[in-house]
Amino acid sequence: MHFVSYALWAVAGLCAYQGAVATAAGVLEASLIFPRNNTTYEPSEKFPIVFAVQNSQLLEHLQLTFNKRILNTTNQPQRTVTYSNGYINNYTDVDVLSRGGSTIEWWDVTAAQSDPYLYWYHLDIRGEGPLKMGWWLDWQSCNETEDRMGQDSYTTLGFHTFPDDPDSVFSVRFEIKKGGQKVDLISGTESNSDDDCLVDGVAIDVSDEVANATYYVGGVASVRTCAVLATSTPTPTANPCKVKIDKATVESMDAHDLEEACRGPWPPAECPEDEDYAVHILAAGGLATLLTAALGATLFLL
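Per mature numbering (1 follows the signal peptide of the UniProt record, and there is no 0), the sequence shown runs over residues -22 to -1, 1 to 280.
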């Protein structure tokens, strides 16, 4: 099984407003667009998991992170543990195919220069069986907090998770089975059916202000710019069905995947041998190709 590495961020401490400035405002929508719910796919060693961010120009200071956990719902044997005090614990042994989180980097978004912005990776899923993918979002913003005496207020660097209940995360159920649908992002994102295209996602209302926030980690002060949200509570609705993936997008995604593989320690045979190509890879670091994959994505207003 293969999936891309992911970045984790963790900061803590107090921060203070140092003057607000104007920036882009609007509602950002983040959602999963592939795989689709209640769909059977054929086994694939390169099964795509694709997230989309609409109004991606609002991402700059949110540190938006997609988290996921994919479970094999077939292999869930019941286990029993008996402790020395006589307590008996019955639990389900869950087969986790993949888990982790990936933070969207702003320089990737700016290089793409397109909207919606797509983030994807691949899994090797050649075994058959029903799967359940749970996913949720993390982001950060500026929070206004009163001091303990209730006299003055200060700004903290707020961390948000939605859904915030581990038992109520967004979920998609799909199956891997021989004879199922071929994995195809073009046809796979065409449907607007309520059964397979769930309206799960988060809409974050971002204001036109940001602030330079000072925060502390291990007693060391740092400065980070955080977004001021128009509303503190996200709207648990989005419209991922608006995002369609076309042929140009798929070709660009494939080109990026090949470029990444060619820069790796075991490049595939189809990597170009042209020296100019190698120089281009080293100079550009693959960044431009990574983000032009979003250029072909089209947004259909329903």
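Even for Gly, the Cβ is constructed at its ideal location relative to N, Cα and C.
Fewer than three Cβ pairs drawn from the stretch 6 to 17 and the stretch 188 to 195 lie within less than 8 Å of each other, which leaves the two stretches out of contact.
In this model, P243 and W114 are separated by some 32 Å (Cα to Cα).
Each residue's CA atom was taken as its position, placing Q118 and E23 some 35 Å apart. CA-CA distance, C240 to K222, rounds to 28 Å. With contact defined as three or more Cβ pairs closer than 8 Å, the stretch 92 to 106 and the stretch 137 to 146 are not in contact. Membership of K225 in the alpha helix (DSSP H) is indicated by the continuous run 225 to 240. For L163, the enclosing alpha helix (DSSP H) starts and ends at 163 to 166. When beta bridges are read from the DSSP output, V201 appears opposite T192. Exposure of V177 is indicated by the presence of fewer than 16 other C-beta atoms within 10 angstroms of its C-beta. Per DSSP, reduced to three states, the secondary structure at V177 is coil, with no helix or strand assignment. Per DSSP, the unbroken beta strand (DSSP E) holding W98 starts and ends at 95 to 103. Residue environment: I164 is assigned as exposed (fewer than 16 neighbouring CB atoms within 10 Å of its CB, all protein chains considered). In the DSSP assignment, A30 forms a beta bridge with S9, L96. With fewer than 16 other Cβ atoms inside 10 Å of its own Cβ, Y65 counts as exposed. Closest in alpha carbon position to T134, among K220, I48, N45, C204, is C204. Within a 10 Å sphere around the beta-carbon of A247 sit fewer than 16 other beta-carbons, which makes this residue exposed. Take D93, set aside five residues on each side of it, and the residues of its chain with a beta-carbon closer than 6 Å to its own are S34, in chain order.
Around the beta-carbon of G197, fewer than 16 other beta-carbon atoms lie within 10 Å, marking it exposed.
Taking the CA atoms as reference points, N217 sits about 18 Å from G112.
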